[in-house]
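Undergrad: I'd like to ask some things about the structure below.
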Amino acid sequence: MTAIEDRPTEAPEREVGKARRRKEDARLITGRTTWTDNMVLPGMLHLAVVRSPVAHGKITGIDVSAAQEAPGVIAVLTGRDVAEEQGSIPCAWPVTPDMVNPGHPSIAVDEVNHVGEAVAVIVARSKAAAQDAVELVDVDYDLLPAVLDMEEAVADGAQLTHDHLESNRSFHFVFDGGEAGTGADTDQAFADAEVVVSRRFVQQRLIPAFMEPRSVVVQPQGDNYTMWSSTQVPHILRIMLAMVTGVPEHKLRVVAPDVGGGFGGKLQVTPEEVISLLVARRLGKPVKWTETRSESLMTAHHGRDQIQYIDVAADREGNVKGLRCRILADMGAYLRLVSPGVPVLGAFMFNGIYKFPAYRFECDGIFTNKTPTDAYRGAGRPEATFAVERIMDELAVELDMDPLELRRKNWIRAEEFPFTSVAGMTYDSGDYETATQKALELIGYDELRAEQRRRRESDDPVQLGIGVSTFTEMCGLAPSRVLGSLSYGAGGWEHASIRMLPTGKVEVVSGATPHGQGHETAWSQLVADRLGVPFEDIEVLHGDTSVSPRGLDTYGSRSLVVGGAAVVNAAEKVVAKARRVAAHVLEASEDDLDFSGGKFSVRGTPGAEVSIQEIALATFAAHNFPEGMEPSIDADATFDPENFSFPHGTHICAMEVDTETGMAKIRKYACVDDVGTIVNPLIVEGQIHGGLAQGIAQAMFEEAVYDADGNLTTGSFVDYLVPSAADLPHFDTGNTVHEAPGNPIGAKGVGEAGTIASTPAVVNAALDAVRHLGVSDIRMPLTPERVWRALHQGGDGGDRATAGTNAWGGAQTETTAGVSTPQSALGGDR
Amino acid sequence: MTQINVRVDGVTYTDDVEPRTLLVHYLREQLGKVGTVIGCDTSNCGACTVHLDGAAVKSCTVLAVQADGGEVTTIEGLAPNGGLHPMQKAFHEMHGLQCGYCTPGMIMASVDLLKENPDPSDSEVREGIEGNLCRCTGYQNIVRAVQQAAGEMRTAGNGHTSPAEVDTAAAPHVAAQQ
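Chains as they are written, first to last, in numbering that gives the first Met the number 0: chain A, 0 to 829; chain B, 0 to 177.
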């Protein structure tokens with residue numbers, strides 16, 4: 000067992016920092032994957048959901064007889080049929096003690112509150128038979144007025160989204176820095192200010208639009224159930240399904256196989272998951288439900304949708320004095336898993352990287368007769384970052400200052416870290432100046448400014464603008480103690496196990512559940528360094544509650560920062576146990592052992608060494624083991640962070656705007672992000688690229704539009720504009736590295752940075768191109784029509800095109816709802 | 000039911016299908032060719048792209064009966080003998096995928112693009128794969144991958160395949176940043 004030759008000890012090559020290509024790819028590039036919808040079980044039945052075509056109405060009758068008799072149909076269930084067992088879709092985040100939750104049946108029983116809500120489910124022998132029978136269910140509705148506009152919803156005498164509630168307000172959340180002791184009195188700051196700039200920003204409604212439609216398969220085995228679901232959160236789903244349906248937690252196994260993207264959109268406990276479990280329980284047969292794209296866009300939760308009233312106070316020299324935010328956040332018709340928590344997370348980020356002495360945040364969660372909103376990439380931080388980065392530009396205009404100079408004057412300086420913000424967050428590390436300098440060089444800032452001047456002077460029809468976003472965000476959800484103080488229903492720790500197999504191979508079990516992020520590769524790199532075993536000898540297991548029994552899954556840029564930290568801590572425990580065995584085997588004191596490159600060696604005794612992989616075999620045999628030690632060197636670890644981590648960066652966008660057509664086109668985009676220690680630069684770059692695409696898409700392309708009757712008119716990829724390769728520019732990316740002190744890796748999180756930072760940089764750039772022509776705001780997305788109208792008619796470009804979309808609102812009015820309003824008669828959208 | 004004869008990934012099948020059956024449903028449900036996936040139902044996303052008689056088609060927009068007498072290649076049959084097509088290898092090497100759901104269709108569309116244009120510029124790749132949506136990557140690494148595969152295929156010829164095993168060595172084009 001001891002090695003024969005004496006080799007000089009040299010430091011092994013570190014895996015962390017290497018641009019390892021991904022282990023995950025082999026099955027994905029060859030089509031040998033395990034998407035949930037690929038699964039076929041003997042006797043499996045197929046579900047199709049009958050959905051409400053009206054935004055708000057009483058169900059006065061459902062006739063399922065024709066559907067029941069249709070070929071291949073096994074059963075048809077209505078809300079009434081499952082009313083006693085379906086419970087309510089859970090909301091885990093009561094952000095205030097008096098938050099109003101109307102309850103959320105998986106299948107509507109008496110009333111529907113948004114278009115697309117489930118009213119019945121067909122169970123049939125084939126998917127086609129189930130879908131054919133959907134058409135045969137006859138539902139009668141007594142129509143009620145639809146609430147679609149948040150500002151109207153909070154006005155006196157507003158119509159009600161839920162007529163059993165007193166108002167459309169779910170909650171009123173306040174964070175006041177003065178009251179919290181983290182800042183000065185905000186009203187006084189504004190009263191004393193030399194300059195106040197106020198703006199109303201609209202965060203349009205977005206759809207996460209993961210590429211893999213949601214899918215669920217449930218297999219009953221006696222009183223046990225296995226659910227495969229295209230979910231980001233198998234662990235949370237298992238707990239919540241047990242609570243909602245009464246299937247005991249230990250009788251339920253949830254598996255997330257390969258999952259085709261999530262972006263927060265699969266951080267949910269969905270009605271369809273509950274329905275699938277109920278049907279499988281009732282019929283004792285395996286069932287599958289897979290959505291169509293239209294169902295996905297219409298009924299999977301949406302994101303963003305805020306109206307932001309932002310006031311900033313400053314002196315004439317450009318020193319900021321106070322920030323005041325009043326937010327209306329659209330919850331849609333119901334509260335889902337973390338719907339109320341999304342805008343509340345933003346409360347701690349509106350102040351951005353700036354030293355506001357005073358800060359007050361108020362948010363009203365509003366019900367409307369639309370699809371519920373919940374997490375979408377960034378969840379609260381993109382909204383906050385947009386508001387502060389836009390208002391800083393507006394303040395710069397008001398003060399006639401360079402927007403970068405204004406930012407520099409007010410941002411936290413490198414030597415001031417750790418810095419406690421006016422929102423009470425302790426920013427861990429960073430250097431905004433260096434990141435900004437690097438980004439300016441990367442984009443060629445001075446040349447672009449010179450070109451901008453030339454185009455202005457020559458009155459070029461194509462104008463150039465440059466927009467900046469200097470951002471930070473909070474990652475690594477989350478310290479359990481902080482979540483507790485915000486009334487969240489769970490902790491924010493993460494769990495990992497390491498199993499040392501007899502042949503020296505290593506299984507790493509992670510409670511974080513990837514859906515494209517590359518955990519299998521990055522976790523292998525972490526463990527390879529800590530255990531000194533080859534990268535190839537490590538397998539990462541995840542996403543199955545029977546394999547990975549403890550975990551809180553993947554969202555909020557938490558996997559590496561929290562889950563990776565748990566993996567590292569588990570590896571350290573393995574090494575500690577193995578050290579004891581090594582000392583026993585080598586007949587040395589533990590204190591005399593060095594551990595490097597996967598080998599324990601006795602200091603000063605050349606040749607006396609044993610590898611950790613050899614110890615794994617010795618542990619399996621357990622023939623010769625230290626007295627009193629159980630024969631295992633496996634280890635578990637649960638990591639609960641003390642603090643969030645705070646990635647930051649500077650994003651710069653150069654935008655061309657054709658003043659004759661309104662066409663806006665990104666000419667160049669450069670960003671420098673500090674995400675702490677980089678475990679795999681290839682994956683980090685990929686995460687930044689993908690994040691940028693989604694942030695730019697919010698600025699330029701995407702919007703979930705409802706017509707005046709509450710129909711989603713962007714219910715397919717024909718109308719909901721997920722950008723293609725031809726719509727997006729090349730990105731120039733760079734990094735600075737300031738390690739996060741709060742975890743053993745030093746990583747800060749990268750999953751959401753690109754999305755959070757990019758949206759305001761793009762809008763600031765477009766405005767910079769045309770501000771001299773009298774435009775001070777353009778609503779997102781910056782469609783050519785909006786830009787043209789802002790240029791030629793004034794204002795912010797207004798609502799989406801009066802012509803609506805292909806699914807024109809006016810044309811649908813008489814047939815779907817039978818109610819004509821001034822807006823619907825004009826085909827107007829809301 | 001209508002009877003069709005179709006050759007898929009080198010195997011000939013004779014099957015009865017409903018006239019309304021889409022090619023993608025036939026591939027997935029009757030043949031078990033689940034490497035080809037469905038993303039949108041409206042022919043916008045391209046996740047279901049396969050080759051029919053040598054040209055890329057969105058298999059959600061083709062009826063199974065239209066493939067009667069035809070030859071279909073899916074991602075599962077792109078490289079003979081279980082190897083990797085240069086495009087598959089390039090997507091891996093350039094990190095042109097994250098969740099991987101769009102990847103089969105993206106690869107099939109990109110292979111078809113190179114038939115038309117064996118040496119596309121950045122913008123020609125972007126225009127050429129416009130009919131395929133990816134939500135994860137922001138496309139930049141996909142563009143890199145297509146160009147890398149183009150280079151390899153120009154030197155080695157179109158029939159070239161690599162061993163099936165993917166190489167997880169560090170990507171040379173990305174500098175370690177520690």
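Cβ coordinates follow ideal geometry from the N, Cα and C atoms, glycine included.
1. Counting C-beta neighbours from all protein chains within 10 Å, is the total for SER457 of chain A 16 or more, i.e. buried, or is it exposed?
2. Assign GLN462 of chain A to one of three DSSP states: helix, strand, or coil.
3. Just to confirm, is the Cβ distance from SER228 of chain A to VAL243 of chain A under 8 Å?
4. Taking the C-alpha atoms as reference points, what is the distance between GLU126 of chain B and ASP726 of chain A?
5. Run through chain B and tell me which residues come within less than 7 Å of THR291 of chain A, C-beta to C-beta.
6. So with CB distances below 7 Å, who are the chain B contacts of SER723 of chain A?
7. Using a cut-off of 7 Å between C-beta atoms, extract the partners of GLU684 of chain A located in chain B.
8. Please say whether ALA145 of chain A and ASP776 of chain A have beta carbons closer to each other than 8 Å?
9. I need the boundaries of the beta strand (DSSP E) containing VAL786 of chain A, first residue and last residue.
10. Would LYS664 of chain A count as contacting chain B if we go by Cβ distances under 8 Å?
11. Between the alpha carbons of GLY104 of chain B and GLY56 of chain A, how many angstroms are there, rounded?
12. Under 8 Å, Cβ to Cβ, is there at least one residue of chain B near LYS22 of chain A?
13. Output, in chain order, the set of chain B residues within a Cβ distance shorter than 8 Å of PHE835 of chain A.
14. Just to make sure I have the definition right: I need the residues of chain A whose C-beta is within less than 8 Å of the C-beta of ILE3 of chain B. Which are they?
15. Tell me which residues of the region 530 to 550 of chain A have at least one Cβ-Cβ distance to chain B shorter than 9 Å, keeping chain order.
16. Should PHE716 of chain A be flagged as near chain B, meaning a C-beta pair shorter than 8 Å?
17. Is there a Cβ of chain A sitting closer than 8 Å to that of ASP8 of chain B, yes or no?
18. For a test of the three-state rule: what should DSSP assign to GLY56 of chain A, helix, strand or coil?
19. Nearest-angstrom Cα distance between PRO501 of chain A and GLU613 of chain A?
20. Among the residues of its own chain, which have a CB less than 6 Å from the CB of THR520 of chain A, if the five just before and after it don't count?
21. Would you mind reading off the limits of the beta strand (DSSP E) that contains ILE121 of chain A?
22. Verify the CB distance criterion: does ASN37 of chain A have a CB-CB separation below 8 Å to chain B?
23. Given that PRO103 of chain B touches chain A, what residues does it touch there, using C-beta distances under 7 Å?
24. Report the option in A:CYS324, A:PRO101, A:VAL72 whose CA atom is closest to the CA atom of GLN130 of chain A.
25. Hey, would you say SER87 of chain A sits closer than 8 Å to GLY102 of chain A, going by beta carbons?
26. Shorter than 8 Å from the beta carbon of PRO680 of chain A to some beta carbon of chain B?
27. Check the Cβ of HIS514 of chain A against every Cβ in chain B and list those closer than 7 Å, keeping chain order.
28. Can you check which of these residues, A:GLY364, A:THR649, A:MET239, is closest to GLU440 of chain A by C-alpha distance?
29. Run through chain B and tell me which residues come within less than 7 Å of ALA18 of chain A, C-beta to C-beta.
30. Which runs of the alpha helix (DSSP H) at least 4 residues long sit entirely within the region 339 to 404 of chain A? Give them in chain order.
31. Per DSSP, which one or two residues make a beta bridge with TRP410 of chain A?
32. Could you name the residues of the region 144 to 162 of chain B whose beta carbon sits closer than 7 Å to any beta carbon of chain A, in the order they occur along the chain?
33. Once the 5 residues before and after PHE594 of chain A are set aside, which same chain residues still bring their CB inside 7 Å of it?
34. Quick check on SER468 of chain A: does DSSP put it in helix, strand or coil?
35. Tell me the DSSP bridge mates of ILE93 of chain B?
36. Listing by chain order, which chain A residues have their CB less than 8 Å from the CB of GLY34 of chain B?
TA: So, from the data block:
1. exposed
2. strand
3. no
4. 9 Å
5. ASP40
6. GLU129, LEU132
7. VAL173
8. no
9. Per DSSP, VAL786 of chain A belongs to no beta strand (DSSP E); it is in the alpha helix (DSSP H), 783 to 792.
10. no
11. 41 Å
12. yes
13. Within the shown structure, residues of chain A are numbered from 0 to 829, placing residue 835 of chain A beyond reach of any answer.
14. The contacting residues do not exist; ILE3 of chain B stays about 17 Å from chain A at best.
15. PHE534, GLU535
16. yes
17. no
18. strand
19. 8 Å
20. ARG19, ARG21, LYS22
21. 117 to 123
22. yes
23. GLY30
24. A:VAL72
25. yes
26. yes
27. CYS98
28. A:THR649
29. ALA169, ALA170, VAL173, ALA175
30. 340 to 345, 380 to 398
31. A:TYR353
32. none
33. VAL574, ARG578
34. strand
35. The sequence as given places Met at residue 93 of chain B; Ile does not occur at that position. Paired residue(s): none; MET93 of chain B is not in a bridge.
36. THR29, GLY30, ARG31, THR32
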